[in-house]
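The structure appears below as structure tokens.
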Amino acid sequence: MRMTASWQRLIPAAAAVVFMGAGGARPPLVDAAKNAGKDALRALIQQGANVNAAEADGTTALHWASYRDDVESADLLIRAGAKVSAANDLGVTPLWTASLNASAAMVQKLLEAGANPNAALLAGETPVMVAARSGSPVVVEQLIAKGANVNASGARNQTALMWAVAQQHPDVVKVLLAHGADVHARSAVWSQVMAVPPHGLPEFNRAIPHGGDTALMFAARVGDVASAKLLVAAGANVNDADAWGVSATVLAAHSGFGELVEFLLEKGADANAAAPGFTALHEAIMRRDEKTVSALLAHGADPNAPLRTWTPTRRHSDDFHFEPELVGATPFWLAARFSEPGVMRLLVKRGADPLFVHHGDHMVDGRSGVAAFEHRTHVTTALMAAAGIGGGTAWVQPDRSEREALTLEAVKLAAELGVDINAADIDGRTALDSAKALKYDTVVKFLVDNGAVSGASKKGQTASAGKD
38 MRMTASWQRL IPAAAAVVFM GAGGARPPLV DAAKNAGKDA LRALIQQGAN
88 VNAAEADGTT ALHWASYRDD VESADLLIRA GAKVSAANDL GVTPLWTASL
138 NASAAMVQKL LEAGANPNAA LLAGETPVMV AARSGSPVVV EQLIAKGANV
188 NASGARNQTA LMWAVAQQHP DVVKVLLAHG ADVHARSAVW SQVMAVPPHG
238 LPEFNRAIPH GGDTALMFAA RVGDVASAKL LVAAGANVND ADAWGVSATV
288 LAAHSGFGEL VEFLLEKGAD ANAAAPGFTA LHEAIMRRDE KTVSALLAHG
338 ADPNAPLRTW TPTRRHSDDF HFEPELVGAT PFWLAARFSE PGVMRLLVKR
388 GADPLFVHHG DHMVDGRSGV AAFEHRTHVT TALMAAAGIG GGTAWVQPDR
438 SEREALTLEA VKLAAELGVD INAADIDGRT ALDSAKALKY DTVVKFLVDN
488 GAVSGASKKG QTASAGKD
């Protein structure tokens, strides 16, 4: 599943123009500031040079002094009449650049000279937002003291609080919350057409909503427990969810942040939230995160909740996602398929049904040469799944040296729990056939010793006769 990290685009690339300058003739004063030529700068000012002369894109000498964190040159320019709130073509001001640099001295100098703390880029990003991203609580305090709006929003309605959380700056989060930052503000919602294999089948394309995130959702994405605690203490809803319905708990589990999952659960988060069709328990199993599975079950997660949807992904990506053939599977079946005997035991203790039979139904790339896509179904028990039949492979694979041992343990457990050792899929394959194909000799021996037979002698006897 792709959980889009829109915060990676927090600063527009175009803003880099202020650091590069523009083509064409550059005023001597600007050139001196850009190249840190303090003596030349002082001489030009004494000669009466225009301190507000700018490059073609509006970049002034004060912009460059701020960018270089050259407080001495900035002081010379300001005393000579430089406009402290001058903006280039992108809306970048000296104060915005100083805030990006997290330079408290430069920020203080500019604010004392009257710089506008709310002057934003064309895309809406303000100095307090970029200071929050840079991680400077001191600069954020300075800006707020001069009237900066803590709830101003920029591109996609992201706020300073979201930026601070996204970059894991709890000290900044604390400052923003103390000054009224809105924990319920949400980023803008947008959609992206995504698909699952086989790509190209129109009915598999979906416009998936992204965004609609609160600051707590940003914390769940990056695993910032410290900021999450501050946000919840300030009134954030522990059951916050994004535009698609993915809750903070599900997102944290998907991202592998078990500590954050446990914190949210302790604060009352719904362990069974599943608006998009999958729960945090499904995600934790996909991650092979036994500790998080245990925490979820302890807080009431349903051990028999079926996976109700596949999750779209980017073409040829390694994004974690649930493949179509897994839809309908229960947590126990998934744990068996992903060779997680420890998780299987936890689930059974909490009431999971080991006799569940998974009926998969999905499309695959055509193999007959007659059609581009073919409809496929499979019927598998947990024991068959443990032996490698049905569904996709795990995204988090154990070492090759461990796989056979884990498979054997999972197969043994399923057999002990009463799963039919000789159940066959619709193609007649049994667990023994799969174990032989995988060349797992220890698994083959266990199955044979317990009466397993090859599917060649079981044509027509499928797992569908089992419990569903």
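Basically the numbering used here = 1-based index in the sequence shown + 37. Ideal placement from N, C-alpha and C gives every residue a C-beta, glycine not left out.
#1: Closest to residue 171 by C-alpha separation, out of 183, 263, 202, 476, would be which residue?
#2: Between the C-alpha atoms of residue 358 and residue 181, what's the straight-line distance to the nearest angstrom?
#3: Which class does residue 485 belong to by DSSP, given the choice of helix, strand or coil?
#4: Does the region 212 to 232 come close enough to the region 190 to 197 that 3 or more CB-CB pairs lie under 8 Å?
#5: If you reduce the DSSP assignment to three classes, tell me which class residue 92 lands in.
#6: CA-CA distance, residue 414 and residue 446?
#7: Ordered along the chain, which non-local residues of its own chain (more than five positions away) have a Cβ less than 7 Å from that of residue 329?
#8: Which word fits residue 72, buried or exposed, when buried means at least 16 other C-beta atoms lie within 10 angstroms of its C-beta?
#9: Pairing CB atoms from the region 125 to 141 with CB atoms from the region 156 to 165, are three or more of them under 8 Å?
#10: Who are the near neighbours of residue 59 in its chain, counting only those whose CB is closer than 6 Å to its CB and skipping five residues on each side?
#11: For residue 441 and residue 480, what's the separation of their Cα atoms in angstroms?
#12: Could you say which of 81, 373, 349, 134 lies nearest to residue 102 if we only look at CA atoms?
#13: Looking at the structure shown, is residue 224 part of a helix, part of a strand, or coil, going by DSSP?
#14: Please state whether DSSP places residue 437 in a helix, a strand or coil.
#15: Using the Cβ count rule (16 or more neighbours within 10 Å means buried), how would you classify residue 116?
#16: Name, in chain order, the residues that DSSP records as bridge partners for residue 413.
#17: For residue 226, which residues of its own chain have a beta-carbon under 8 Å away from its beta-carbon, when the five flanking residues on both sides are left out?
#18: If you run the structure through DSSP and keep just helix, strand and coil, what is residue 204?
#19: Can you tell me where the beta strand (DSSP E) with residue 325 in it begins and where it stops?
#20: Between the region 305 to 323 and the region 342 to 351, can you find at least three pairs of beta-carbon atoms closer than 8 Å?
#21: Measuring only the C-alpha atoms, how far is residue 69 from residue 163?
#22: What whole-angstrom Cβ distance do residue 185 and residue 143 have, given they're in contact under 8 Å?
#23: Using the beta-carbon count (16 or more within 10 Å), is residue 319 buried or exposed?
#24: Given this structure, state the Cα-to-Cα distance separating residue 107 from residue 339, to the nearest angstrom.
#25: Return the bridge partner residues of residue 248 from the DSSP annotation.
#26: At 4 residues or longer, and completely inside the region 268 to 340: list those alpha helix (DSSP H) runs for me, N to C.
#27: How long is the line joining the alpha carbons of residue 331 and residue 380, rounded to whole angstroms?
#28: Would you please state the rounded distance, in angstroms, between the beta carbons of residue 420 and residue 468? I believe it to be under 8 Å.
#29: By a C-beta neighbour count over all protein chains shown, 10 Å radius and 16 as the cutoff for buried, is residue 306 buried or exposed?
#30: Between which two residues does the alpha helix (DSSP H) holding residue 369 run?
#31: Specify the secondary structure class of residue 342 as computed by DSSP and reduced to three states.
#32: Compute the beta-carbon to beta-carbon distance between residue 207 and residue 264, rounded to the nearest angstrom, for a pair I have assumed lies under 8 Å.
#33: Would you mind reading off the limits of the alpha helix (DSSP H) that contains residue 109?
#34: Taking only runs that begin and end inside the region 133 to 194, name each unbroken alpha helix (DSSP H) of 4 or more residues, in chain order.
#35: Do residue 137 and residue 165 have their CB atoms nearer than 8 Å?
#36: How is residue 49 classed by DSSP in three states: helix, strand or coil?
Per the coordinate set shown:
#1: 202
#2: 42 Å
#3: helix
#4: yes
#5: coil
#6: 27 Å
#7: 290, 295, 298, 321
#8: exposed
#9: yes
#10: Confidence at residue 59 is low in this model, with a pLDDT of 47, below 50, so its placement is unreliable and the value that follows should be read with caution. Only 92, 93, 94 meet the Cβ criterion.
#11: 7 Å
#12: 134
#13: coil
#14: helix
#15: exposed
#16: 399
#17: 246, 247, 248, 249, 280
#18: coil
#19: Unbroken run through residue 325: none, as it is neither H nor E.
#20: yes
#21: 28 Å
#22: Wrong, their Cβ atoms sit about 15 Å apart, outside the cutoff.
#23: buried
#24: 60 Å
#25: 226
#26: 285 to 292, 295 to 303, 317 to 323, 327 to 335
#27: 8 Å
#28: 5 Å
#29: buried
#30: 368 to 374
#31: coil
#32: 5 Å
#33: 108 to 116
#34: 141 to 149, 164 to 171, 174 to 182
#35: no
#36: Only weak support exists for where residue 49 lies, its pLDDT of 38 falling under 50; the value from the coordinates is given anyway. Note: residue 49 maps to coil in three-state DSSP.
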